[in-house]
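Novice:
Numbering (mature numbering (1 follows the signal peptide of the UniProt record, and there is no 0)), first residue to last: -19 to -1, 1 to 583.
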């Protein structure tokens, strides 16, 4: 019975001791985190003496240094060194003691001694480096890892630790070197390298640093494809698309690729509006022959790239004619099917808006509607396009009939709302402003933000400019200019817009005229003139319905056309701050973060 009582007493004592230790531990951490180092040191001393834990030692020793109990700290650490002469934790602590007292030479002596005494053991090397890392001696941690590599005669260990430190320190040169050292053995690191480098790099000089390092590596190790991949990425980041294409073609020939890599890159060029480079890429892919799986997609995208190049600048009729012939060849070779209707639609667009052959365009769309097996949505879109052609051929009632068909068939769907908007827009062109506004007001509640925004702008345009007979007449001239632009007569539209303030001085359409002119100038690739017009709008028309549109467009021109990322950031930030309810705010914030170097999606 006595023996049982003793056992129970012992167990209860142990439980009490454990519970007390847990309470002391929590309280010590609380004191330490709150900067109450005097109170923390008392509890931590007791916990360390009881456990000899390195964690408690680190906290206890740091607390002593914080409250400047140097004599006690020195006595403690020297005693522990005598007891454990081979343990680097205590040697490093003594170095910290000297450093805290300002004895830098003595501190460095301790640190270097610990590094020089390292064994060729990965665990010991990592332990010492972590000791340095814990008190933010990052350079010493780096030295430890690099010394460890020498001792182990292996450049592979500690890659992730070094990458982390170099990234934290923003040591771009060493970060580059470490990635280049690691990538041949760990090619799976490439996406991480691209993401991290794009975050750390601040300007073109940083990318040039990477390019220089890569070219040296490629010269020494031309067979290491991972370097070429990173170089191509670097060129793409710098929008040096011609250089990227050269590397891609060289890589394609070297590895005898099926063209998949180059095809994806060509699509990237296309999406970034580098149309001439995209055309060269697709043309190279065609040289692989018709049996290649990318032959037909490349042929189609080649024509599309030429189409985009033509419609985004000042076009020549010969180029348009050749492009129309290219689409016609696709239709001749593969027939008019649901799979080739895209080519027919582009061909029609060229005939209607660039070659001014409205009869061919109208007939082409009417034939397209007879193609069997077309999805309903495609049929609806073709009817909308045909309605637009009817406007050009001065058949407004036919156009309205088609718009209404689509609106009823696709009630409360995006394409149905688009049909109603086009009907309202036609009424505006005709000068039937009251009806156009009533239709636009209905569409302001559309689930499609783009249609709702267009409808809102149309409604406000009308209501803001019908306050007087003068405004009403000016608005009719403005509608005529919009109609000319719709018919792709930009020069005539510009003349009409310029004539409005002459015919009707002090009219209320100044901001609308500026926005319309900027769109024409951008379409004609007259970027410098467009910027002047947009600046006038953003600086002098703060309350305009076009103010946020103008800011977003202006920022995009600085980013994409002028490559002035700093000015683009300023404009995106202004849009975010001044127009938080704009439909462009979300995209502006995304672009701003990308230009700032944030990792989007995290």
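Just so it is clear, CB atoms sit at the ideal spot from N, CA and C, and this is done for glycine as well.
Taking the CB atoms as reference points, tell me whether residue 143 and residue 123 lie closer together than 9 Å.
Specialist: Yes, Cβ-Cβ distance for residue 143 and residue 123 is below 9 Å.
Novice: Is residue 26 near residue 12, with beta carbons less than 9 Å apart?
Specialist: Not a contact, by the Cβ cut-off of 9 Å.
Novice: Tell me which residues share the same chain as residue 223 and place their Cβ nearer than 7 Å to its Cβ, disregarding the 5 neighbours each side in the sequence.
Specialist: Excluding residues within five positions, the ones whose Cβ falls inside 7 Å are 258.
Novice: Give the secondary structure of residue -10 by DSSP, where H, G and I count as helix, E and B as strand, and everything else as coil.
Specialist: Confidence at residue -10 is low in this model, with a pLDDT of 42, below 50, so its placement is unreliable and the value that follows should be read with caution. The answer is helix: DSSP assigns residue -10 an H, G or I state.
Novice: Can you have a look at residue 414 and say buried or exposed, based on whether 16 or more other CB atoms are within 10 angstroms of its CB?
Specialist: It is buried - the Cβ of residue 414 has at least 16 other Cβ atoms within 10 Å.
Novice: Going along the chain, which residues of its own chain have a beta-carbon closer than 6 Å to the beta-carbon of residue 438, five neighbours each way excluded?
Specialist: Answer for residue 438: 526, listed in chain order.
Novice: If we call anything under 9 Å between Cβ atoms a contact, is residue 125 one with residue 141?
Specialist: No, Cβ-Cβ distance for residue 125 and residue 141 is not below 9 Å.
Novice: Assuming residue 43 is part of the alpha helix (DSSP H), what are its boundary residues?
Specialist: Counting along the chain, the alpha helix (DSSP H) containing residue 43 begins and ends at 35 to 47.
Novice: Measure the Cβ-Cβ separation of residue 266 and residue 273 and say whether it is below 9 Å.
Specialist: Contact flag set, yes.
Novice: Rounding to the nearest angstrom, what Cα-Cα distance links residue 293 and residue 256 in this structure?
Specialist: One C-alpha to the other measures close to 10 Å.
Novice: Using the beta-carbon count (16 or more within 10 Å), is residue 567 buried or exposed?
Specialist: The residue is exposed, with fewer than 16 neighbouring Cβ atoms inside 10 Å.
Novice: So for residue 350, helix, strand or coil by DSSP?
Specialist: Residue 350 falls in the coil class under three-state DSSP.
Novice: For residue 545, which three-state DSSP category applies?
Specialist: Coil.
Novice: Are residue 420 and residue 402 closer than 9 Å when you measure CB to CB?
Specialist: Against a cut-off of 9 Å, the Cβ pair of residue 402 and residue 420 comes out as a contact.
Novice: Compare the C-alpha of residue 103 against each of 121, 87, 127, 94 and name the closest.
Specialist: Ranking the options by Cα distance to residue 103, first place goes to 127.
Novice: Expressed to the nearest angstrom, what Euclidean distance is found between the alpha-carbon atoms of residue 225 and residue 69?
Specialist: Answer to the nearest angstrom: the Cα atoms are 50 Å apart.
Novice: Measure the alpha-carbon distance for residue 345 versus residue 329 and round it to whole angstroms.
Specialist: Taking the straight line joining both Cα atoms gives about 6 Å.
Novice: In this structure, does DSSP put residue 454 in helix, strand or coil?
Specialist: Residue 454 falls in the helix class under three-state DSSP.
Novice: Among the residues of its own chain, which have a CB less than 7 Å from the CB of residue 105, if the five just before and after it don't count?
Specialist: Within the same chain, residue 105 has close Cβ partners 99.
Novice: With distance defined between alpha-carbon atoms, name the residue in 357, 561, 447, 455 nearest to residue 484.
Specialist: Ranking the options by Cα distance to residue 484, first place goes to 455.
Novice: Helix, strand or coil for residue 572 per DSSP?
Specialist: Three-state result, residue 572: helix.
Novice: Excluding five sequence neighbours on each side, which residues of the same chain lie with their C-beta closer than 7 Å to the C-beta of residue 379?
Specialist: Same-chain partners within the cutoff: 371.
Novice: Under a Cβ-count criterion, where at least 16 other Cβ atoms within 10 Å of its own Cβ denotes burial, should residue 434 be classed as buried or exposed?
Specialist: Under this definition residue 434 is a buried residue.
Novice: Does the count of Cβ pairs from the segment 527 to 535 and the segment 557 to 573 closer than 8 Å reach three?
Specialist: Touching, yes, given that three or more Cβ pairs across the two stretches are closer than 8 Å.
Novice: Looking at residue 300: is its Cβ nearer than 9 Å to the Cβ of residue 317?
Specialist: No.
Novice: Within its chain, find whatever has a CB closer than 6 Å to the CB of residue 626; leave out the 5 residues flanking it on each side and keep chain order.
Specialist: What the structure shows of the chain is the stretch from -19 to 583, and residue 626 is not part of that stretch, so it cannot be assessed.
Novice: Got a sec? Which residues, its chain only, sit under 8 Å from residue 289 by beta carbon, not counting five neighbours each side?
Specialist: The residues are 251, 254, 256.
Novice: If we ignore side chains and look at the alpha-carbon of each, how far apart do residue 39 and residue 149 end up?
Specialist: C-alpha separation (whole angstroms): 23 Å.
Novice: If we ignore side chains and look at the alpha-carbon of each, how far apart do residue 37 and residue 232 end up?
Specialist: If you take the alpha carbons of residue 37 and residue 232, they lie about 56 Å apart.
Novice: Is it true that the CB of residue 215 sits closer than 9 Å to the CB of residue 191?
Specialist: Cβ atoms of residue 191 and residue 215: closer than 9 Å.
Novice: Please look up how many angstroms separate the CB atoms of residue 495 and residue 463, rounded, as I've assumed it's under 8 Å.
Specialist: The Cβ separation is near 14 Å, so there is no contact.
Novice: Identify the continuous alpha helix (DSSP H) that holds residue 280 and give its terminal residues.
Specialist: Element bounds for residue 280: 276 to 292.
Novice: Are residue 429 and residue 460 touching if we call contact CB-CB under 9 Å?
Specialist: No; because the gap between Cβ atoms is not below 9 Å, this pair is not in contact.
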